[in-house]
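For reference, the structure discussed in these notes is given below.
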Amino acid sequence: MLGAARMAPAAGRGAALRLRHCSCRGLAARAARPACTAPAAALFGGEPSRTLLRARAARKLPLGLRTWGAPSAAPPLGSLRAASALTEVQAVDTPAQNDAALPPHAATVVLDVGGMKCGGCSAAVKRMLLQQPGVAAAAVNLLTETAALQIGSGDPATLGPQAAELLTSKGFPSKVRNDEEAAVDSDAAEARRLEEARRANLNLAAAWGLVLVCCSHHAGHVLHSLGYHQFAHGAFMEAMGNPLVSGALGAFALLGPGRRLLADGFRALWLGNPNMNSLVGVGSSASFLVGAASFLVPSLGLDTGFLEEPVMLLAFVLLGRALESRAKVQAASDLKALAKLIPATARLQLDPGAAPGAAAAAAAAVAAGGPAVEYLQVSTRSVRRGDIVRVLPGERVPVDGEVIEGQAALDESMLTGESVLVPKAPGSRVSGGTVCYEGPLTVRATATGAESTLAGIGRLVAEAQSREAPVQRLADAVAGRFCYGVMAASALTFAFWQLIGTELFPSALAAAPNGTALLLAVKLAVDVLVVACPCALGLATPTAVLVASSMGARRGLLLRGGDVLERVAGVDTVVLDKTGTLTLGRLELSSVRLPGGGGSGAGAGAEADAVVALAAAVEASTRHPLADAVAAAAAARRLSPPPVVGAATHPGDGASAEVDGARVLVGRPGWVLPQLAPGDADAAAALLAAPQRGGEEKQTVVVVARAGRLLGVLGFKDELRPDAASTVAALRRMGIRVQLLSGDDEGTARAVAARAGIEAADARGGMSPADKLEAIRALQASGARVAMVGDGVNDAPALAAADAGIALKGGLDAAGEAAAVVLMGDRLSQVVDCIDLGRATLSKIRQNLVWALCYNLVGIPLAAGALLPTLGVALSPSAAGGMMAFSSVAVVGNSLLLRATAGGRGRPAAPAGQRPQAGGGGGGGGGAAAAPKGAPGELPV
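Quick note on the numbering used here: the sequence shown kicks off at 9 and runs consecutively.
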């Protein structure tokens with residue numbers, strides 16, 4: 009195999025299938041030859057035409073054997089035939105292949121759509137998608153550049169590419185999003201947005217540089233007014249007033265910073281989907297052509313001031329484009345963060361019985377001091393169902409699977425949101441992306457690639473993000489429908505004054521260049537295009553968002569995208585996660601329950617301290633959140649843990665040690681109770697049942713025993729955030745309903761909700777990520793506008809599906825990426841700040857839009873000559889351009905007033921050193937609920 013001379017087993021340690029040794033020589037020279045392909049494919053159980061091997065010769069360095077494209081029909085990689093001394097095998101960039109077809113993700117197809125510039129573009133994309141046969145519904149997200157198709161009939165695998173091909177042919181380059189290529193696609197999208205932002209900034213700088221140069225000749229009037237007459241008539245000033253220079257500046261603006269904008273606008277116009285760029289392109293081009301005609305043919309009597317109009321128009325439009333690009337860069341990919349939770353490589357176990365002589369080789373390796381079981385470092389994407397992988401302490405589990413050997417505790421907080429480590433033993437299920445503690449584990453893969461739990465969450469995030477926001481970009485939507493109207497108004501203006509206007513109102517000819525109706529009609533038609541250019545409409549939203557974003561940054565609010573504050577402003581329901589959101593995500597010792605029913609007195613307190621000190625001593629060498637909580641409680645009580653001997657950690661169960669010659673156990677009830685004397689086991693069961701009485705909050709419990717006798721039960725709970733109750737109260741004062749969705753059981757969720765001041769009916773427990781997503785959608789279906797506040801990957805689908813997703817800084821990256829707002833201060837009270845800022849911002853946006861629309865309603869008739877018959881007033885090109893510029897300046901100035909109007913109107917008062925408690929139910933410094941009557945030996949901490 010691969011040549012008997014090169015693959016013969018070596019003696020001693022080299023005879024085993026070891027990770028770092030190989031007897032292959034000179035394989036690199038033959039790796040690319042077709043003759044090597046067949047034996048190499050046979051080694052991996054694949055087809056020669058679909059398996060490519062590349063190797064490098066190694067004398068002192070290990071051989072790196074890389075595989076690409078292992079076919080799905082091949083057996084698991086763990087069954088590599090081991091008739092020779094293979095070594096370090098690393099599969100690189102191999103797509104996940106499974107023996108069975110992937111299950112459908114429901115009838116939904118997600119497309120990545122490029123080329124959308126405004127609300128008119130997204131509306132056109134949605135309209136074209138809905139016209140496709142088999143598409144039941146479609147939603148387009150302008151900011152994330154995605155479209156989601158709900159397939160009513162037909163094959164999604166066929167309809168998706170067809171829809172992408174249609175959009176591409178209409179000027180919107182599209183492709184179907186592939187789950188297997190999500191990470192690569194996200195990298196490409198991020199790089200594209202960064203390049204777009206860089207180009208927009210360069211164009212913006214160039215355009216505004218031209219504005220300064222273009223306006224410099226107007227400085228002569230200022231110099232005259234200041235008495236500097238000699239400078240007002242210098243050579244530079246005279247050159248700047250030369251129409252040839254103005255024409256050169258205008259041409260440079262069109263062919264330089266405005267080149268891509270004009271090309272996109274005219275292409276969209278040609279394809280029948282005009283956008284804001286189309287109107288800008290027509291107006292700026294028309295004004296420049298009229299100016300050029302007036303310069304080249306002076307007898308026309310037109311105003312050469314038209315030559316400067318492209319510079320002003322493009323400068324203001326490019327400002328809006330730069331702000332848009334900045335928002336897109338901030339809207340990072342959610343799926344990229346999710347994909348990073350899966351390790352790039354996995355430790356794959358070889359099957360020593362898959363080839364004759366392999367078992368003997370392994371036995372020889374053991375005799376020589378080597379391991380009996382060998383592993384290959386392979387790409388995680390190449391692992392398939394049935395493969396066996398090894399997970400060491402501190403590593404992430406690479407695939408979903410079943411534990412077949414070993415015991416460990418896994419951190420599943422990225423999936424469940426809960427900080428307590430989950431014990432795993434043979435037969436337990438594990439999920440890819442979780443972190444292994446106190447292992448190692450041997451796991452048989454049951455789901456990989458797109459079938460994994462984490463991939464399922466990623467699909468939920470992708471589909472939820474493709475939904476349309478409840479508050480669309482009003483400026484772009486209006487501008488998209490405005491294009492045809494402005495063009496029609498310009499054409500009607502020309503036709504009216506050319507055909508009948510001067511006959512109905514002969515006095516109007518006094519304002520016509522050279523007294524001709526044709527030149528008057530051309531002048532007024534161009535005035536309409538220039539004055540009606542929707543710069544103010546385009547800037548109404550971005551400028552307000554820019555000011556709000558800077559204010560948010562000072563308040564510790566990271567806003568992702570221009571429409572975030574618009575959506576936040578409309579929120580009437582806030583949904584909170586529990587662990588890490590409403591609580592701090594840190595376990596604390598809340599109670600010590602002792603056998604015998606003693607409930608008060610100094611003696612009982614001393615006995616409880618002794619139990620805590622003993623538990624702290626045993627848990628001192630254990631890395632576990634519960635151990636940290638016990639240690640913190642002992643330190644707070646100023647206790648001195650006794651010395652221990654033979655401390656041992658039992659993964660997933662607890663810890664043990666000898667204290668004064670007696671064995672002490674500290675761990676979960678299922679592990680400690682079977683080792684107790686019968687009477688003590690019954691007492692422990694009574695203590696464990698006691699917290700369920702009276703609706704008291706269910707706690708995480710640890711049993712402490714010594715020499716088979718029960719010493720006590722320690723109860724733990726998560727600490728409520730200091731500003732939780734005040735934030736809930738502030739949200740209610742703002743007329744917002746507050747709900748709690750938690751992965752904990754119903755009793756725990758309602759108890760925590762009561763402490764925070766949330767109604768019991770608004771608290772729900774036992775919610776999986778899919779359940780939270782459905783709950784959010786149900787609220788939206790009932791007419792609510794929902795903000796979801798969370799911090800874990802399990803919250804990511806709900807964060808993306810909500811009208812406004814809000815993540816705390818302490819959450820995982822995926823939650824922050826899925827959210828529209830990240831609270832960098834990691835304070836729950838910032839939710840109130842965010843909503844308050846959003847409402848003030850939306851108010852400014854509406855004011856800007858009203859101003860922009862009223863300006864156009866007045867400006868367009870004025871530019872069309874409405875006052876010409878009665879007052880003899882007609883706009884000059886300079887006046888039309890000035891009105892356009894003033895409309896934009898007015899919008900920007902009004903947005904700047906947001907700094908004075910957006911305050912912390914609904915901000916909750918800062919807590920004064922103590923945690924807020926609802927209803928007087930908290931007890932003691934830890935905020936624990938009062939013990940129910942009849943709880944034996946309950947001692948609040």
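All C-beta atoms in this analysis are idealised placements derived from N, C-alpha and C, irrespective of residue type, glycine included.
Separation of Val582 from Leu787, as counted between CA atoms
In the sequence shown, counting from the first residue as 1, residue 787 sits at position 779. In the sequence shown, counting from the first residue as 1, residue 582 sits at position 574. Leu787 and Val582: Cα-Cα distance of roughly 11 Å.
Buried or exposed by the 16-neighbour rule on C-beta atoms within 10 Å, applied to Phe894
If you number the sequence shown from 1, residue 894 lands on position 886. Counting Cβ neighbours within 10 Å, Phe894 comes out exposed, since fewer than 16 surround it.
Limits of the beta strand (DSSP E) - the one that Arg452 falls within
Counting from 1 along the sequence shown, the entry for residue 452 is found at position 444. Arg452 -> beta strand (DSSP E) spans 449-455.
How do the segment 755-768 and the segment 618-637 stand: do at least 3 beta-carbon pairs fall below 8 Å, yes or no?
Under the three-pair Cβ rule at 8 Å, the segment 755-768 does not count as touching the segment 618-637.
Under the three-state DSSP convention, the category Val391 falls into
For this step, residue 391 is matched to residue 383 along the sequence shown. In the structure shown, Val391 adopts coil according to DSSP, grouped into three states.
Boundaries (first-last residue) of the alpha helix (DSSP H) holding Gly162
As a working note, residue 162 is residue 154 in the sequence shown. Where Gly162 is concerned, there is no enclosing alpha helix (DSSP H), given that its DSSP letter is neither H nor E.
Test item: CB-CB of Leu816 and Thr587 under 9 Å:
Counting from one through the sequence shown, the residue named residue 816 turns up at place 808. Counting from one through the sequence shown, the residue named residue 587 turns up at place 579. Between Leu816 and Thr587, the C-beta gap is not smaller than 9 Å, which leaves the two residues out of contact.
Does the structure place the segment 640-648 close enough to the segment 616-626 that three or more beta carbon pairs sit under 8 Å?
The segment 616-626 vs the segment 640-648: in contact.
Through-space distance from Asp163 to Asp395, alpha-carbon basis:
In the sequence shown, residue 395 corresponds to position 387, counting from 1. In the sequence shown, residue 163 corresponds to position 155, counting from 1. It is roughly 32 Å from the alpha-carbon of Asp395 to the alpha-carbon of Asp163.
How many angstroms separate the CA atom of Ala156 from the CA atom of Ser182?
Taking the first residue of the sequence shown as position 1, residue 156 is located at position 148. Taking the first residue of the sequence shown as position 1, residue 182 is located at position 174. In a straight line, the C-alpha of Ala156 is about 12 Å away from that of Ser182.
Residue interval of the beta strand (DSSP E) (run including Phe724)
Here residue 724 is taken as the residue at index 716 of the sequence shown, counted from 1. Phe724: member of the beta strand (DSSP E) spanning 717-728, first to last residue.
DSSP three-state assignment for Ile412, whether helix, strand or coil
One-based indexing of the sequence shown puts residue 412 at position 404. Look at Ile412 here: in three-state DSSP terms it is strand.
For the segment 573-581 and the segment 710-719, state whether three or more C-beta atom pairs, one from each stretch, are separated by less than 8 Å.
In this structure the segment 573-581 does not lie against the segment 710-719, because fewer than three pairs of beta carbons, one per stretch, are closer than 8 Å.
If you follow the beta strand (DSSP E) that Thr589 is in, where does it begin and where does it stop?
Position 581 of the sequence shown, counted from the start, is the residue given in the question as residue 589. Premise fails: Thr589 is in no beta strand (DSSP E) and is neither H nor E.
To the nearest angstrom, report how far apart Asp731 and Arg601 are at their CA atoms.
Here residue 731 refers to the residue found at position 723 when the sequence shown is read from its first residue. Here residue 601 refers to the residue found at position 593 when the sequence shown is read from its first residue. Roughly 29 Å between the two C-alpha positions.
Please state the DSSP three-state secondary structure of Glu666.
Within the sequence shown, the letter at position 658 stands for residue 666. Strand, per DSSP.
Rounded to whole angstroms, what's the CA-CA distance from Lys725 to Ser177? Just pull it up for me.
As a working mapping, residue 725 is identified with position 717 in the sequence shown. As a working mapping, residue 177 is identified with position 169 in the sequence shown. Cα to Cα, Lys725 sits roughly 59 Å from Ser177.
Exposure of Ala642, with buried meaning 16 or more beta-carbon neighbours within 10 Å
As a position in the sequence shown, residue 642 is number 634, starting the count at 1. By the C-beta density criterion, Ala642 is buried, having at least 16 other C-beta atoms within 10 angstroms.
Alpha carbon to alpha carbon, how far is Leu883 from Gly867? Give it in angstroms, no decimals.
On the sequence shown, residue 867 is found 859 positions in, with the first residue counted as 1. On the sequence shown, residue 883 is found 875 positions in, with the first residue counted as 1. Going by the C-alpha atoms only, they are around 10 Å apart.
Here's a check: name, in chain order, each residue in its chain whose Cβ is nearer than 8 Å to the Cβ of Ser439, leaving out the five neighbours to either side.
To locate residue 439, count along the sequence shown from 1; it is residue 431. Cβ neighbours of Ser439 beyond the five flanking positions: Val405, Asp408, Glu420, Leu423, Ser460, Thr461, Leu462.
Who are the Cβ neighbours of Ile159 in its own chain at under 8 Å, not counting the five residues just before and after it?
Here the question's residue 159 lines up with position 151 in the sequence shown. Hits under 8 Å: Ala115, Thr116, Val117, Gly142, Val143, Ala144, Leu167.
Taking 7 Å as the limit between beta carbons, can you name the residues of its chain near Gln506, skipping five residues before and five after?
Counted from its first residue, the sequence shown places residue 506 at position 498. Excluding sequence neighbours, Gln506 sits near Ala525, Leu526, Ala529.
Hey, Gly289 and Leu269: beta-carbon distance below 9 Å or not?
Within the sequence shown, residue 289 is the residue found at index 281, counting from 1. Within the sequence shown, residue 269 is the residue found at index 261, counting from 1. Taking 9 Å as the Cβ cut-off, Gly289 and Leu269 qualify as a contacting pair.
Sub-9 Å separation of Leu831 and Ile814 beta-carbons
If you number the sequence shown from 1, residue 831 lands on position 823. If you number the sequence shown from 1, residue 814 lands on position 806. In contact: Leu831 and Ile814 (Cβ atoms closer than 9 Å).
Round the Cβ separation of Gly773 and Ser790 to the nearest angstrom and send it over; I've been treating them as touching at under 8 Å.
To locate residue 773, count along the sequence shown from 1; it is residue 765. To locate residue 790, count along the sequence shown from 1; it is residue 782. Gly773 to Ser790, Cβ: 21 Å. No contact.
So Phe303 and Pro251 are in contact, right, with Cβ under 8 Å, and what is the actual spacing, rounded?
In the sequence shown, residue 303 corresponds to position 295, counting from 1. In the sequence shown, residue 251 corresponds to position 243, counting from 1. The Cβ separation is near 5 Å, so the contact holds.
Strand pairing of Ala644, partner residues [DSSP]
For this step, residue 644 is matched to residue 636 along the sequence shown. Per DSSP, none; premise fails for Ala644.
Three-state class that DSSP yields for Pro351 in the structure shown
In the sequence shown, residue 351 corresponds to position 343, counting from 1. Collapsing the DSSP output to three states places Pro351 in coil.
On the CB-based measure, 16 or more other CB atoms within 10 Å of its CB, does Ala828 come out buried or exposed?
Numbered from its first residue, the sequence shown carries residue 828 at position 820. The residue in question, Ala828, is buried, as its Cβ has 16 or more Cβ neighbours within 10 Å.
Nearest neighbour of Ala697, chosen from Met495, Arg741, Ser295, Pro603 [CA to CA]:
Locating residue 697 in the sequence shown gives position 689, counting from the first residue. The shortest C-alpha to C-alpha distance from Ala697 to any of Met495, Arg741, Ser295, Pro603 is the one to Pro603.
Please report how far the alpha carbon of Arg64 lies from the alpha carbon of Val397, in whole angstroms.
By 1-based counting over the sequence shown, the position of residue 64 is 56. By 1-based counting over the sequence shown, the position of residue 397 is 389. Here the model assigns Arg64 a pLDDT of 29, short of 50, so the residue's position is not dependable and the matter cannot be decided.
For the alpha helix (DSSP H) holding Gln747, just list the boundary residues, first then last.
As a first step, residue 747 must be located in the sequence shown, where it is residue number 739. DSSP places Gln747 in no alpha helix (DSSP H) but in the uninterrupted beta strand (DSSP E) bounded by 745-749.
Spatial distance of Ala874 from Phe504 (CA atoms):
Within the sequence shown, numbered from 1, the residue matching residue 874 stands at position 866. Within the sequence shown, numbered from 1, the residue matching residue 504 stands at position 496. For Ala874 and Phe504, the distance between alpha carbons rounds to 12 Å.
Considering Cα atoms alone, identify which of Thr450, Gly123, Leu349 is closest to Glu382.
Within the sequence shown, residue 382 is the residue found at index 374, counting from 1. Comparing Cα positions, the closest option is Thr450.
Within 10 angstroms of the Cβ of Gly863, are there 16 or more other Cβ atoms? Answer buried if so, exposed if not.
Within the sequence shown, the letter at position 855 stands for residue 863. Here residue 863 turns out to be Tyr, not Gly, going by the sequence shown. Taking every protein chain shown into account, the CB of Tyr863 has 16 or more other CB atoms within 10 angstroms, so this residue is buried.
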